[in-house]
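Student: If you scroll down you'll find the structure; I have some questions about it.
In the numbering used here, the protein residues as written are 15 to 355.
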């Protein structure tokens, strides 16, 4: 294995985190995020730190700060230090040359939420985005029907993520499929680049353009849906416009309890971050093979008024007491333990 190096300053975009510092011959796992400002990405880093400490590998964390060119540059810096890199690409199509360089140097790559060209990565870690968004879509239809009136007269607006990311296609696709099957109109869908500030501006424009025609907003992440919901409330339309999302952040779950949002989909960022580096580590020690086991799909659960209180406690424990989360348990079992309390 490559020997760990001293802390690198990668254009002020890289953090260095280590499970143990004394040994020389340890596996170095890189985790590259799209940015280090989105709450979900930050939660994943905390989970990844726990994995590094538990298994004794060295962890390097970097980010593109939302910029494709910067993220590629950080990735190419990581090639010189890491044994394997787990990356949430902003646009996977921008990585053809960078992935080829990694392969040439014997550095393995695991892609998150997207799929690389054949032979350029070990495999993908992600969610079943289509199924997840379909489930949220089906719950959204229940909510729209409960509003009264003809379902075919209902209208939805969407806040999407990054257009170049595979996650974006799946997380919109399942939802859009359910809307089409019920003759619900999607008035607009605009990319937020996972930026809450952009989401606020887009939501303000939606309200100006469509006004009372909007029955529901669906955002692909709580990081954009929650601030957009605040815009709706401040505009005096909180009782008129429903709100559905994905992530399961503390703010979103609390908003569900308070009646300001209607649902989100719990993905547990600390849990996903733990496995986004644990699976690459297991690849390096021969315990996981994407060729035989397939892509690693992370689980989740829809959060509504019915289970929000239990899920809020779980999300709070994961954020405030990450070191003591039983990551070795399946997420389904962790959820069950909270639901049964």
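Glycine is no exception: its CB is placed at the ideal position from the N, C-alpha and C atoms. What you are looking at is a predicted structure, and each value in this text was computed from that prediction instead of being measured.
Which one of 81, 80, 72, 108 has the shortest CA to CA distance from residue 390?
Tutor: The shown model of the chain, from 15 to 355, leaves out residue 390, and the question about it has no answer.
Student: Considering only residues of the same chain and omitting the five flanking positions on each side of residue 36, which have a CB-CB separation below 7 Å?
Tutor: Its pLDDT being 41, under 50, residue 36 is placed unreliably in this model, and the value from its coordinates should be taken loosely. Correct list: empty, nothing qualifies.
Student: Check residue 74 in the structure and name its three-state DSSP category.
Tutor: If DSSP states are grouped into helix, strand and coil, residue 74 belongs with the strands.
Student: Under the three-state reduction of DSSP, which class applies to residue 161: helix, strand or coil?
Tutor: If DSSP states are grouped into helix, strand and coil, residue 161 belongs with coil.
Student: Below 8 Å between beta carbons: does that hold for residue 260 and residue 235?
Tutor: In contact: residue 260 and residue 235 (Cβ atoms closer than 8 Å).
Student: What are the start and end residues of the alpha helix (DSSP H) that includes residue 341?
Tutor: Element bounds for residue 341: n/a, residue is neither H nor E.
Student: Do you know how far the Cα of residue 155 is from the Cα of residue 189?
Tutor: Using only the alpha carbons, I get a separation of about 10 Å.
Student: Give the secondary structure of residue 122 by DSSP, where H, G and I count as helix, E and B as strand, and everything else as coil.
Tutor: Here residue 122 sits in strand by DSSP.
Student: Applying the criterion that 16 or more other CB atoms from any shown protein chain within 10 Å of the CB defines a buried residue, is residue 66 buried or exposed?
Tutor: Counting Cβ neighbours within 10 Å, residue 66 comes out buried, since at least 16 surround it.
Student: Could you give the first and the last residue of the continuous alpha helix (DSSP H) run that contains residue 87?
Tutor: Its alpha helix (DSSP H) spans residues 82 to 93.
Student: So, residue 136 versus residue 121, is the Cβ gap smaller than 8 Å?
Tutor: No, they are not a contact pair.
Student: Sorted by chain position, which residues of the same chain lie with C-beta nearer than 6 Å to residue 25's C-beta, five sequence neighbours on each side aside?
Tutor: Residue placement at residue 25 is poorly supported in this model, since its pLDDT is 35, which falls under 50; the coordinates still yield a value, given next. Here the set comprises nothing.
Student: Quick check on the burial criterion: 16 or more other C-beta atoms within 10 angstroms. Buried or exposed for residue 53?
Tutor: Flag for residue 53 reads buried.
Student: Exposed or buried, which one is residue 23 when buried takes at least 16 other CB atoms within 10 Å?
Tutor: Note that residue 23 scores a pLDDT of 33, beneath 50, so its modelled location is shaky and nothing firm can be said.
Student: Residues in the same chain with beta-carbon distance under 7 Å from residue 350, minus the five sequence neighbours each way, listed in chain order, please.
Tutor: So the list is empty, once near-sequence residues are dropped.
Student: Can you give me the C-alpha to C-alpha distance between residue 47 and residue 55, rounded to a whole angstrom?
Tutor: Going by the C-alpha atoms only, they are around 7 Å apart.
Student: How long is the line joining the alpha carbons of residue 82 and residue 354, rounded to whole angstroms?
Tutor: Going by the C-alpha atoms only, they are around 44 Å apart.
Student: Could you check if residue 14 is buried or exposed, using at least 16 other CB atoms within 10 Å of its CB as the buried criterion?
Tutor: Missing from the structure shown is residue 14; the chain here goes from 15 to 355 and no further.
Student: Starting from residue 203, trace the beta strand (DSSP E) both ways and give me its first and last residue.
Tutor: First-last of the beta strand (DSSP E) with residue 203: 199 to 205.
Student: Measuring straight from C-alpha to C-alpha, what distance separates residue 186 and residue 202?
Tutor: Spanning the two alpha carbons is a distance of roughly 12 Å.
Student: Hey, quick one: how far does the beta strand (DSSP E) through residue 47 stretch, first residue to last?
Tutor: Note, residue 47: beta strand (DSSP E), 42 to 47.
Student: Alpha carbon to alpha carbon, how far is residue 193 from residue 157?
Tutor: Their Cα atoms are separated by approximately 12 Å.
Student: Would you say the stretch 208 to 222 touches the stretch 230 to 245, given that touching needs at least three Cβ pairs under 8 Å?
Tutor: The stretch 208 to 222 is in contact with the stretch 230 to 245.
Student: Assign residue 2 to one of two classes, buried (16 or more other C-beta atoms within 10 Å of its C-beta) or exposed (fewer than that).
Tutor: Residue coverage of the chain in this structure runs from 15 to 355, which leaves residue 2 outside it and unanswerable.
Student: Could you check where the alpha helix (DSSP H) with residue 100 kicks off and where it finishes?
Tutor: Element bounds for residue 100: not the alpha helix (DSSP H) but the beta strand (DSSP E), 98 to 101.
Student: Among 301, 191, 322, 198, which residue has its Cα nearest to the Cα of residue 274?
Tutor: Among 301, 191, 322, 198, the Cα nearest to that of residue 274 belongs to 322.
Student: Between the stretch 277 to 295 and the stretch 243 to 250, do at least 3 Cβ pairs fall closer than 8 Å?
Tutor: No contact exists between the stretch 277 to 295 and the stretch 243 to 250.
Student: I need the straight-line Cα distance from residue 153 to residue 200, nearest angstrom please.
Tutor: So the two alpha carbons sit approximately 16 Å from each other.
Student: Taking a contact to mean a Cβ-Cβ separation below 8 Å, would you say residue 176 touches residue 205 in this structure?
Tutor: Yes, these two residues count as a Cβ contact at 8 Å.
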